[in-house]
Amino acid sequence: MRVTQSVVKTLREAPAGAELPSHIFLLRGGYVKQLASGLYSIMPFGKRILQKIEVVIREEMNRIDGQEVELPLSQPAELWQESGRYTAVGSELLRFKDRTEHPMVLAMTHEEAVTDMARHYLSSYKQLPFMVYQFQLKFRDEPRSRGGLVRVREFTMKDGYSFHRTDEDLDAYYQRVYTAYERIFQRVGIRPVVVKSDTGIMGGKLAHEFMLETGHGEDYLILARDGSYAANQEIAEFHRETVPESPLPVEKVATPGYKTIEDVSGFLSVDAKKTMKVVLYETEHAKRKTLVMVALRGDLEAGEIKIRNYLKVPWLLPAQDDFIRSFGIVPGYASPVGIAERSDLLILSDLSIAEGNNFVAGANEEGFHLRHVNFRRDFQTPHCGDFAKAVSGHKSPDGKAELHAVRGIEIGNIFKLGTKFSESMNCAYLDESGQHKIPIMGCYGIGVGRLMAAVVENSHDDFGPIWPEEITPFHVHLVAIGKEPEVVEACEKLQAEWDAAGFEVLFDDRDERPGVKFKDADLWGVPVRVAVGKKTLAEGCVEWKLRKDKEHTVVPLSSTSDRLKSHYRK
RNA sequence: CGGGACUUAGCUCAGCCUGGUAGAGCAUCUGCUUUGGGAGCAGAGGGCCGCAUGUUCGAAUCAUGUAGUCCCGACCA
Numbered sequence: 018m019r020v021t022q023s024v025v026k027t028l029r030e031a032p033a034g035a036e037l038p039s040h041i042f043l044l045r046g047g048y049v050k051q052l053a054s055g056l057y058s059i060m061p062f063g064k065r066i067l068q069k070i071e072v073v074i075r076e077e078m079n080r081i082d083g084q085e086v087e088l089p090l091s092q093p094a095e096l097w098q099e100s101g102r103y104t105a106v107g108s109e110l111l112r113f114k115d116r117t118e119h120p121m122v123l124a125m126t127h128e129e130a131v132t133d134m135a136r137h138y139l140s141s142y143k144q145l146p147f148m149v150y151q152f153q154l155k156f157r158d159e160p161r162s163r164g165g166l167v168r169v170r171e172f173t174m175k176d177g178y179s180f181h182r183t184d185e186d187l188d189a190y191y192q193r194v195y196t197a198y199e200r201i202f203q204r205v206g207i208r209p210v211v212v213k214s215d216t217g218i219m220g221g222k223l224a225h226e227f228m229l230e231t232g233h234g235e236d237y238l239i240l241a242r243d244g245s246y247a248a249n250q251e252i253a254e255f256h257r258e259t260v261p262e263s264p265l266p267v268e269k270v271a272t273p274g275y276k277t278i279e280d281v282s283g284f285l286s287v288d289a290k291k292t293m294k295v296v297l298y299e300t301e302h303a304k305r306k307t308l309v310m311v312a313l314r315g316d317l318e319a320g321e322i323k324i325r326n327y328l329k330v331p332w333l334l335p336a337q338d339d340f341i342r343s344f345g346i347v348p349g350y351a352s353p354v355g356i357a358e359r360s361d362l363l364i365l366s367d368l369s370i371a372e373g374n375n376f377v378a379g380a381n382e383e384g385f386h387l388r389h390v391n392f393r394r395d396f397q398t399p400h401c402g403d404f405a406k407a408v409s410g411h412k413s414p415d416g417k418a419e420l421h422a423v424r425g426i427e428i429g430n431i432f433k434l435g436t437k438f439s440e441s442m443n444c445a446y447l448d449e450s451g452q453h454k455i456p457i458m459g460c461y462g463i464g465v466g467r468l469m470a471a472v473v474e475n476s477h478d479d480f481g482p483i484w485p486e487e488i489t490p491f492h493v494h495l496v497a498i499g500k501e502p503e504v505v506e507a508c509e510k511l512q513a514e515w516d517a518a519g520f521e522v523l524f525d526d527r528d529e530r531p532g533v534k535f536k537d538a539d540l541w542g543v544p545v546r547v548a549v550g551k552k553t554l555a556e557g558c559v560e561w562k563l564r565k566d567k568e569h570t571v572v573p574l575s576s577t578s579d580r581l582k583s584h585y586r587k
């Protein structure tokens with residue numbers, strides 16, 4: 018490919034708003050062009066990379082017996098009503114009507130479509146297990162797209178779905194996918210951190226996310242430094258250290274105007290760890306507006322995902338003061354002491370409170386707190402569990418390792434779905450004894466464009482991306498220095514020779530100064546750069562430079578094909 | 001959905017405070033010169049100053065509204 022014939026334009030400066038290295042370089046290198054918020058046009062160089070990423074993923078999916086399919090992007094709403102997601106998912110699901118006023122959606126994932134396919138195909142246990150996968154657009158009407166290609170509204174995803182007779186069979190296959198994912202990420206040069214992740218309110222038993230650790234990530238991961246623990250912060254567990262004390266009598270103290278944990282602990286000279294924080298949410302539980310009171314140790318923060326998962330509710334909002342007061346609870350001095358659970362008032366107690374003693378808690382009276390509040394003696398609730406957020410400095414659940422929080426980009430996920438979709442959508446088969454059985458499903462996703470962005474985050478310098486050999490848009494970047502006939506002729510001969518040897522050659526034949534070409538070479542990130550200039554050519558030599566190295570070497574022109582072969586191990 | 005900012009040439013931005021009809025650098029086109037890390041000179045093309053309404057003799061500039069974009073947070077099967 019000649020640069021003069023390529024549909025590519027580089028930018029000297031980053032467009033306003035681009036902050037992540039991947040965003041800046043993908044725009045500056047002419048790989049992608051933003052069309053609107055969260056919508057990107059992929060230009061030829063970007064498309065070449067995406068296609069190669071798809072090749073890598075396809076090879077690894079086929080290796081674990083996946084079969085490629087393609088499922089529609091636009092789907093009738095009925096399909097989503099069957100699974101229950103039509104109402105369970107919010108505005109992220111784009112709903113529209115077709116020409117005949119039929120309600121439709123743009124798929125955000127393809128569980129419904131694949132389950133529909135499976136229920137028509139599947140009739141006998143003899144057909145199980147199987148896995149199908151596709152590369153297909155997803156549309157998610159993100160409330161906030163950001164970070165260039167990291168979080169977009171429309172994107173191509175590799176999504177795979179497996180069907181099994183037993184949990185054991187799913188477990189075994191899940192492990193194979195896990196291994197396939199490790200191979201995929203290794204081939205694009207990424208060493209992911211694998212964390213346990215939230216399975217959401219749609220059900221499912223176990224899920225892992227493959228994360229690229231990067232300061233620019235949008236997820237927070239909780240990791241043990243010794244590798245013994247890794248989880249998404251949303252669900253990360255931790256060990257609560259408590260020193261048992263004997264309960265002391267409750268004592269009411271005046272704390273005029275002191276409402277926050279910081280104020281109260283300062284005023285009463287007690288450690289925040291000896292205070293009780295009460296966080297109040299409102300939600301819809303059992304079909305009515307419900308107040309959720311969560312009691313935590315003062316130094317902890319509420320873990321909203323944990324609370325939502327415990328209550329099996331899709332959302333929590335900070336409770337309004339009026340609503341709080343209607344239960345006799347006083348904002349700023351709130352406490353579960355003296356408050357009884359009702360059908361529309363749930364009291365949750367974090368383990369830190371249940372296992373500790375003698376907390377300073379609100380008195381539900383303006384200007385007063387209580388000393389020495391103890392769980393069970395002073396208040397009770399059956400809802401006792403892990404409702405706090407793990408942060409840096411906490412101990413891992415076994416109490417042995419220190420945890421720390423890092424940011425990461427999710428580049429893949431695997432999920433034991435269970436029978437959520439197969440059951441609601443009547444996907445069944447007959448077993449040996451003629452009994453109807455529901456297949457157990459797993460699903461497995463990788464965002465292709467996001468992975469390209471993640472590769473740049475993972476592999477770049479100050480001047481541009483450094484593409485891994487497996488997914489580079491070209492194998493070798495041939496740069497003509499000057500336009501002397503002998504230089505042009507030598508370049509054309511080299512291009513033809515390398516083409517014939519099966520290498521993808523990018524030939525910069527532009528009438529540009531060397532500096533311009535070298536800057537662009539850095540933005541295009543091709544692993545091998547060969548520069549042909551008059552001086553070295555007179556000695557039968559060219560310049561050989563690897564993108565990852567700073568310096569070039571002068572090598573015989575005749576050796577370049579062999580060098581390429583050995584570089585690419587062909 | 002909250003909080004903040006921005007919107008002027010293909011890109012990055014100045015001009016706005018103090019109203020008088022549009023600027024720079026880069027990019028593009030022409031010519032010359034130059035040729036090893038985004039050269040120089042001369043010339044040319046390119047603008048509903050996001051949109052709407054208002055104030056004014058006159059609005060890129062002031063006011064109100066609205067849309068788009070970006071950042072932080074919420075949300076994220």
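The numbering used here puts the first residue of the first sequence at 18, with every later residue one more than the last. Where is the CB? At the ideal position from N, CA and C, for every residue including glycine.
Query: Can you grab the Cα-Cα spacing for the pair L238 / R530, in whole Å?; Result: 46 Å
Query: Helix, strand or coil, according to DSSP, for S58 in the structure here?; Result: strand
Query: Could you tell me which of V167, L285, Y585 and G557 sits nearest to L563, measuring between CA atoms?; Result: Y585
Query: Only counting the same chain, and skipping five residues up and downstream in sequence, which positions put a Cβ closer than 6 Å to that of Y298?; Result: V309, L333 and A336
Query: Which residues in the same chain as G349 place their Cβ atom closer than 7 Å to its Cβ, once the five residues preceding and following it in sequence are excluded?; Result: K276
Query: Considering R388, what are the terminal residues of the beta strand (DSSP E) in which it resides?; Result: F385 to V390
Query: Taking the straight line between their C-alpha atoms, what separation do you get for M78 and G55?; Result: 28 Å
Query: Could you say if the segment 195 to 210 and the segment 160 to 174 meet the contact criterion of at least three C-beta pairs nearer than 8 Å?; Result: no
Query: Apply the 10 Å Cβ neighbour rule to S439 and answer buried if 16 or more other Cβ atoms are within range, or exposed otherwise.; Result: buried
Query: Where does Q22 land, buried or exposed, given buried means 16+ other C-beta within 10 angstroms?; Result: exposed
Query: Measure the CB-CB distance between V543 and V559 and report whether it falls below 7 Å.; Result: no
Query: Considering G459, what are the terminal residues of the beta strand (DSSP E) in which it resides?; Result: I457 to G464
Query: Using 8 Å as the cut-off, can you tell me whether the segment 38 to 50 makes contact with the segment 165 to 177, which would need three or more C-beta pairs spanning the two stretches below that distance?; Result: yes
Query: Enumerate in chain order the residues of its own chain whose CB-to-CB distance from L52 is below 6 Å, with the five nearest sequence positions on each side excluded.; Result: S58
Query: Quick one: what does DSSP say H400 is sitting in, helix, strand or coil?; Result: strand
Query: Curious, which full-length beta strand (DSSP E) runs of at least 3 residues does the segment 457 to 518 contain?; Result: 457 to 464 and 493 to 497
Query: Quick check: W97 and V122, are their CB atoms within less than 7 Å of each other?; Result: yes
Query: Should D539 be labelled buried (16 or more other beta-carbon atoms within 10 Å of its own) or exposed?; Result: buried
Query: Taking just the CA atoms, how far does E226 sit from E199?; Result: 12 Å
Query: So what does Y48 bridge to, in DSSP terms?; Result: Y48 is not bridged to any residue.
Query: Let me make sure I understand the geometry here. Which of D566, G451, F404 and T292 has the alpha-carbon closest to that of F255?; Result: F404
Query: Which runs of the beta strand (DSSP E) at least 3 residues long sit entirely within the segment 520 to 558? Give them in chain order.; Result: 522 to 525 and 545 to 549
Query: Using 8 Å for Cβ pairs, my map puts K406 next to Q250. What's the rounded Cβ distance?; Result: 7 Å
Query: Would E435 be called buried (16 or more neighbouring beta carbons within 10 Å of its own) or exposed?; Result: Reading off the sequence shown, one finds Gly at residue 435, where the question assumed Glu. Buried, since its Cβ has 16 or more Cβ neighbours within 10 Å.
Query: On a CA-only basis, which of I341, Q512, K50 and E427 is nearest T231? Give me that one, please.; Result: E427
Query: When DSSP labels each residue in this structure, what does G283 get in the three-state scheme?; Result: helix
Query: Is the segment 105 to 123 touching the segment 68 to 77, taking contact as three or more C-beta pairs under 8 Å?; Result: no
Query: Quick one: what's got a C-beta closer than 7 Å to M60's C-beta in the same chain, skipping five residues either side?; Result: V24, V25, G47, Y48, V49 and K50
Query: Determine contact between the segment 172 to 188 and the segment 443 to 463, defined as no fewer than three beta-carbon pairs at a distance below 8 Å.; Result: yes
Query: Report the option in A507, G451, P264 and K551 whose CA atom is closest to the CA atom of D395.; Result: P264
Query: Candidates D367, F344 and S369: which alpha carbon is nearest A357's?; Result: F344
Query: Just the C-alpha distance for H421 and R242, rounded to the nearest angstrom, thanks.; Result: 7 Å
Query: If you draw a straight line from the alpha carbon of V572 to that of V549, how long is it in whole angstroms?; Result: 11 Å
Query: Compare the C-alpha of E87 against each of A303, M134 and S366 and name the closest.; Result: M134
Query: Residue range of the beta strand (DSSP E) that K323 falls in?; Result: No beta strand (DSSP E) holds K323; the alpha helix (DSSP H) holding it covers E321 to L328.
Query: Excluding the five sequence neighbours on either side, which residues of its own chain have a C-beta within less than 7 Å of the C-beta of Y103, listed in chain order?; Result: A94 and W97
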